Amino acid sequence: MKIGITCYPTYGGSGVVATELGKELAALGHEIHFISYALPRRLSHFVENIYFHEVEISSYPLFEQQLYGLSLTSKMLEVIEYEKLDLIHVHYAIPHAVSAYLAKQVLKKENSDIKIITTLHGTDITLVGLEPSFLPLVKFSIEESDGVTAVSRFLKEKTITNYHINKDIEVIHNFIDSEAYTRNVNENFRNHLAPNGEKILVHTSNFRPVKRVTDAIRVLHKVREQIPTKLLLVGDGPDRSECERLARELDLQKDVIFLGKQDGLVEILSASDIFLMPSQSESFGLSALEGMSCGLPVVSTSVGGLPELIVHNETGFIAEIGDIDRMAKYTVQLLKNDKKYKVFSENSRNRAVNVFEKKLIIPQYINYYEKVMGK
Ligand code: GMT
Numbered sequence: 002m003k004i005g006i007t008c009y010p011t012y013g014g015s016g017v018v019a020t021e022l023g024k025e026l027a028a029l030g031h032e033i034h035f036i037s038y039a040l041p042r043r044l045s046h047f048v049e050n051i052y053f054h055e056v057e058i059s060s061y062p063l064f065e066q067q068l069y070g071l072s073l074t075s076k077m078l079e080v081i082e083y084e085k086l087d088l089i090h091v092h093y094a095i096p097h098a099v100s101a102y103l104a105k106q107v108l109k110k111e112n113s114d115i116k117i118i119t120t121l122h123g124t125d126i127t128l129v130g131l132e133p134s135f136l137p138l139v140k141f142s143i144e145e146s147d148g149v150t151a152v153s154r155f156l157k158e159k160t161i162t163n164y165h166i167n168k169d170i171e172v173i174h175n176f177i178d179s180e181a182y183t184r185n186v187n188e189n190f191r192n193h194l195a196p197n198g199e200k201i202l203v204h205t206s207n208f209r210p211v212k213r214v215t216d217a218i219r220v221l222h223k224v225r226e227q228i229p230t231k232l233l234l235v236g237d238g239p240d241r242s243e244c245e246r247l248a249r250e251l252d253l254q255k256d257v258i259f260l261g262k263q264d265g266l267v268e269i270l271s272a273s274d275i276f277l278m279p280s281q282s283e284s285f286g287l288s289a290l291e292g293m294s295c296g297l298p299v300v301s302t303s304v305g306g307l308p309e310l311i312v313h314n315e316t317g318f319i320a321e322i323g324d325i326d327r328m329a330k331y332t333v334q335l336l337k338n339d340k341k342y343k344v345f346s347e348n349s350r351n352r353a354v355n356v357f358e359k360k361l362i363i364p365q366y367i368n369y370y371e372k373v374m375g376k
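Every position in the sequence shown, counted from 1, becomes a number in this note's numbering once 1 is added.
Here's what the structure looks like:
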């Protein structure tokens, strides 16, 4: 198949899923055309069967704001026509699904039957899409897509109830390359981070308010009352300054290690003991899956799709949003009991491999493409 993929190219789960999916499809012989405003981060080197088309955003003195949605439609039109695409798969509804819909309408006049598949990832449905000004357009673009997938059962249900959508939505969970994401401890690195043999908690995110990163710092504060522990914070975003301020206020500036944006996640996850995910909203939790694949038990909140990923009392523990005491209690339980920790760590790895490995999930996308294409 010849497939166009549109996603946000920066850090973020939807871009990661889109790019890794494209790479896997290309490896299976499909021709993949990424259409985005910048090269997706995970597409850093040449891959056979993958092409990149940059959306040029026109500037003109009259346009005080950029016309990204329209520029994207124009680029889609060009790529669909000249590369003879069979379908366009857009990741994150806003504005990608609308841009694709418009391209399809333009091409109808030329008897094209390009198919549009939209994958819903999270805040496109649970937060941004619910803004009254966006809601009707998000609903419309979902209803007009030829196929729609959601990354969890939770997100599917939310879409149906919040947008009153009467349409089949296919649940296809996030996936992991469990061979790449496997525990590989670099003792020097671990000793550097925790020179006195401290335990290590880790959290990776884009530091948006929805991730409640400050809760991870408060959990560390509680855990340290019982066990010497460090917290690695990977990523960057709007709440980073607030996190740095809180770490200073709690006198944890030496124990909260801000690593910023990082590419070498496996090394960092492998050096850690427990993954913390205190999110307020999380449609699936790809970063927690990356941790699980590296053998980390996850202590998280019970929101969104997290219970579809984390099995309470088997691969980690689930608590209510903001319940710092409980998250700290669960963390201490695991850190204090080596035998229990080992069982949870193995369960985490096994669940990542047996349920969310890319070899199991990629065929679900291919089957869905074929269904939508009417094959
Ligand atoms: O919805 C977002 O926050 C954007 C999106 C992204 O691009 O980072 O994240 C979502 O998509 C991931 C991949 O499908 C999911 O694993 C994340 O749980 C989800 N984030 C949220 O729901 C907050």
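The beta-carbon is built from N, C-alpha and C at its ideal position, and this holds for glycine as well.
Every value quoted in this text rests on a predicted model; they were computed, and no experiment measured them.
Distance cut-off 6 Å: residue i Cβ against heavy atoms of the ligand GMT
i	result
Glu32	no
Ser282	yes
His122	yes
Leu400	There is simply no residue 400 to check, as the chain begins at 2 and stops at 376 in what is shown.
Ser15	yes
Val18	yes
Val354	no
Val304	no
Val91	no
Val220	no
Val139	no
Val211	yes
Val152	yes
Nearest to residue i (by Cα), restricted to the options the options
i	options	result
Ser282	Gly323, Ala181, Val312	Gly323
Gly286	Ser303, Gly296, Asp274	Ser303
Pro239	His204, Val214, Thr230, Leu361	Val214
Ala195	Lys255, Leu136, Ser242	Lys255
Gln263	Arg249, Leu290, Leu221, Thr205	Thr205
Arg327	Ala353, Ser294, Val300	Val300
Leu156	Ala217, Ser59, Gly123, Thr11	Gly123
Thr119	Pro133, Pro137, Pro96, Ser134	Pro96
Ala101	Val129, Gln67, Val149, Pro62	Val149
Ile117	Leu136, Thr74, Glu25	Thr74
Glu315	Leu307, Pro298, Ala329, Ile325	Pro298
His222	Val333, Cys295, Asp114, Asp274	Val333
Glu32	Ser280, Tyr61, Lys360, Leu22	Leu22
Phe259	Thr20, Glu226, Lys110, Asp237	Asp237
Leu290	Ser179, Leu138, Lys105	Ser179
His54	Ile36, Leu68, Met293	Ile36
Ala217	Glu82, Glu309, Ala320, Tyr69	Ala320
Glu84	Val356, Glu132, Ser113	Ser113
Met374	Val220, Val139, Asp87	Asp87
Cβ-Cβ separation, residue j to residue i (assumed contact under 8 Å), whole Å
i	j	result
Arg350	Ala272	Contact flag wrong, Cβ pair sits at about 16 Å.
Ala181	Val48	Contact flag wrong, Cβ pair sits at about 15 Å.
Ser153	Gly317	That belief does not hold up - the Cβ atoms of Ser153 and Gly317 are roughly 17 Å apart, past 8 Å.
Ile269	Val203	7 Å
Met2	Tyr370	6 Å
Phe208	Cys244	7 Å
Asp80	Gly5	According to the sequence shown, residue 80 is Val rather than Asp. With 8 Å as the limit, Val80 and Gly5 qualify as a contact, their Cβ atoms being about 6 Å apart.
Arg43	Thr11	No, Arg43 and Thr11 are not in contact; Cβ-Cβ is about 11 Å, not under 8 Å.
Ser72	Ser59	6 Å
Glu358	Ile173	Not really, about 13 Å apart at Cβ, beyond 8 Å.
Ser280	Lys212	5 Å
Ile115	Lys159	Ile115 to Lys159, Cβ: 28 Å. No contact.
In DSSP terms, what residue i is bridged to
i	result
Ser282	Answer by DSSP bridge pairing: none, since Ser282 is not bridged.
Pro320	Residue identity differs from the one stated: residue 320 is Ala in this sequence, not Pro. According to DSSP, which records beta bridges pairwise, Ala320 is partnered with Thr302.
Lys231	Ile201
Gly37	According to the sequence shown, residue 37 is Ser rather than Gly. According to DSSP, Ser37 bridges with Glu55.
Thr20	The partner list for Thr20 (beta bridge, DSSP) is empty, contrary to what the question assumes.
Thr7	Val91
Thr120	His92, Thr150
Ile177	Glu358
Ile367	Note: Ile367 sits in no beta bridge, so no partner.
Ile275	Leu202
Gly261	Val235
His313	Gly317
Glu32	Lys3
Glu347	Bridge partners of Glu347: none, in fact.
Glu79	BP columns for Glu79 are empty, so no partner.
Any non-hydrogen atom of the ligand COA closer than 6 Å to residue i Cβ
i	result
Asn175	What this structure holds is the ligand GMT, not the ligand COA.
### Query
Can you find at least 3 beta carbon pairs, one from the stretch 90-97 and one from the stretch 14-34, that sit closer than 8 Å?
yes
### Query
Does the stretch 159-173 come close enough to the stretch 131-144 that 3 or more CB-CB pairs lie under 8 Å?
yes
### Message
Taking contact to mean 3 or more Cβ pairs, one atom from each stretch, closer than 8 Å, check whether the stretch 358-366 and the stretch 232-247 are in contact.
### Response
no
### Query
If you pair each beta-carbon of the stretch 339-358 with each one of the stretch 146-163, do three or more pairs fall below 8 Å?
no
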